[in-house]
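Visitor: Dropping the structure in here first, questions after.
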Amino acid sequence: MANLLELTSQGDVATITDESQLSKVKLMDPQQLYELWERQPWQSHTIDFTQDREDWASLSDEDKDYVVWFLSSFFIGEERVATQFNGLVGAYETQSEEHFLTTQQVDEARHAQHFNNFYANVVGYDGTFEQRLERAREDLNDAFKHLFDDVLVDANRRLLADPTDLEAKVDFVTTYHMVIEGTLALTGQHTLTKVFEERGILPGFLEGFRMISQDEHRHVAFGTWFLQQKAKDPALRARIQRTLQELIPVAAGVLTPKGFELGESYEILGVSSDEVHGFAFTALTRRLKVIGVSLAPSEEEAVPA
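Using this note's numbering, you'd call the opening residue of the sequence shown number 3 and step up by one each time.
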């Protein structure tokens, strides 16, 4: 029987194409994920953007606008998660979990560095790292700001206040690993990677982006493992369901490009809204099937808050 790494990318069950395998998989634990991280180092500052500058200059203004919109969400998102992750690191339950979570915070900082390098060397945003972040923030919509500046920040504060608060930890992992990374980041990565590969452009950016995607799949594998363990408790399983039901509409708003309303069909960079939302939904439902959580719980499953 194939092992999990042969069936998936980085142990992330959402990348299993044969869904009959979902009920059979044994998830990787934090120690295994830490060891996987050690085997996969990369450096953001060694990437060559020479060809990217030529490719960027050849893009239409409209395509540049949409690419910048996509990338602004990643750039600000990586900065937000890198600075709002220490609560989860401090809430570790085992040494292996602490060590893996520490690697994840380092990964997020490296991802932010990659986007900063691209903005500085290819897009042409002058100034400091902080000034580029502020300029990128102008492209964000209200749903993004609510999820990253309100929901994520509050989840981190609760864990900082009490690292032993298991409900707060479940809320954080559901928000961060299932919604922000699993639903938003990996969907955006899939979409942009497909566009750039089909056009044969921005090879330096893609080099780093593929490594970021590799890291993110590994992170989401941890979140899936953690929530699978906690979902054995009916009250925590119901809590995961409620959090997802609250945040999925917010995530849909984050995925809505500028110039469009929530629920409105669109096509940007040759990719349709149906394709974007379909990828996100399929990936999330595969993970939830392994976790043991339904997006629409039955009355028997519902547990009062």
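Ideal placement from N, C-alpha and C gives every residue a C-beta, glycine not left out.
Is Glu-218 close to chain D, meaning its C-beta is less than 8 Å from at least one C-beta of that chain?
Guide: Checking the listed chains, one finds no chain D in this structure; it contains a single protein chain.
Visitor: So, using beta-carbon positions, are Thr-185 and Leu-229 closer together than 8 Å?
Guide: Taking 8 Å as the Cβ cut-off, Thr-185 and Leu-229 do not qualify as a contacting pair.
Visitor: At a cut of 8 Å, does the region 126 to 146 reach the region 61 to 78 through at least three beta carbon pairs?
Guide: Touching, yes.
Visitor: Taking all protein chains shown into account, do 16 or more other C-beta atoms lie within 10 angstroms of the C-beta of Lys-28, making it buried, or fewer, making it exposed?
Guide: Counting Cβ neighbours within 10 Å, Lys-28 comes out exposed, since fewer than 16 surround it.
Visitor: Output the distance between the C-alpha atoms of Leu-286 and Arg-55, rounded to the nearest integer angstrom.
Guide: The alpha-carbon atoms of Leu-286 and Arg-55 are separated by roughly 35 Å.
Visitor: Is the beta carbon of Ala-254 less than 8 Å from the beta carbon of Ile-242?
Guide: Not closer than 8 Å, so no.
Visitor: How about Ile-49 and Glu-209: are their beta carbons less than 8 Å apart?
Guide: Closer than 8 Å, so yes.
Visitor: Just how far apart, CA to CA, sit Ile-293 and Gly-190?
Guide: Approximately 23 Å between the Cα atoms of the pair.
Visitor: Which residue or residues does DSSP assign as beta-bridge partners of Glu-269?
Guide: BP columns for Glu-269 point to Ser-274.
Visitor: On the criterion of 16 or more Cβ atoms from any shown chain inside 10 Å, does His-47 qualify as buried, or is it exposed?
Guide: Exposed is the call here.
Visitor: Just reading off the alpha helix (DSSP H) that Phe-318 is part of, what are its end residues?
Guide: Since the first residue shown for the chain is 3 and the last is 307, residue 318 is missing from the structure and cannot be characterised.
Visitor: Asp-151 by DSSP, collapsed to three states: which one?
Guide: Residue state, collapsed to three classes: helix.
Visitor: Residues in its own chain within less than 6 Å of His-116 by CB, not counting five upstream and five downstream?
Guide: Excluding positions up to five away in sequence, the list reads Ser-46, Gly-210.
Visitor: Just the C-alpha distance for Tyr-178 and Arg-220, rounded to the nearest angstrom, thanks.
Guide: The straight-line gap from Cα to Cα measures roughly 13 Å.
Visitor: Measure the C-alpha to C-alpha separation of Arg-82 and Phe-283 and round it to an integer number of angstroms.
Guide: Spanning the two alpha carbons is a distance of roughly 24 Å.
Visitor: The ligand MG heavy atoms versus the CB of Gly-210: any closer than 7 Å?
Guide: The ligand MG is not part of the structure shown, which contains no ligands of any sort.
Visitor: Looking at the structure shown, is Asp-217 part of a helix, part of a strand, or coil, going by DSSP?
Guide: Note: Asp-217 maps to helix in three-state DSSP.
Visitor: Within a Cβ cutoff of 6 Å, which residues of the same chain sit near Glu-99, ignoring the five residues on either side of it in sequence?
Guide: Contacts found: Pro-32.
Visitor: On the criterion of 16 or more Cβ atoms from any shown chain inside 10 Å, does Ser-215 qualify as buried, or is it exposed?
Guide: Classification for Ser-215: buried.
Visitor: Does the distance from the CB of Met-213 to the CB of Trp-44 come in under 8 Å?
Guide: Yes, the Cβ-Cβ distance between Met-213 and Trp-44 is below 8 Å.
Visitor: By the three-class DSSP mapping on this structure, what secondary structure does Asp-14 have?
Guide: The answer is strand: DSSP assigns Asp-14 an E or B state.
Visitor: Tyr-311 and Ile-270 look like a contact to me (Cβ under 8 Å); what is the Cβ gap, rounded to whole Å?
Guide: Outside the displayed range of the chain (3 to 307) lies residue 311, so it cannot be described from this structure.
Visitor: I'd like the list of long-range same chain contacts for Arg-159, defined as Cβ closer than 6 Å, with 5 residues on each side in sequence excluded.
Guide: No residues qualify anywhere along the chain.
Visitor: Do the region 146 to 161 and the region 57 to 66 make contact, defined as three or more Cβ pairs closer than 8 Å?
Guide: No, because fewer than three Cβ pairs between the region 146 to 161 and the region 57 to 66 fall closer than 8 Å, the two stretches do not touch.
Visitor: If you check the beta carbons only, do Asp-164 and Ala-170 fall under 8 Å apart?
Guide: A contact, by the Cβ cut-off of 8 Å.
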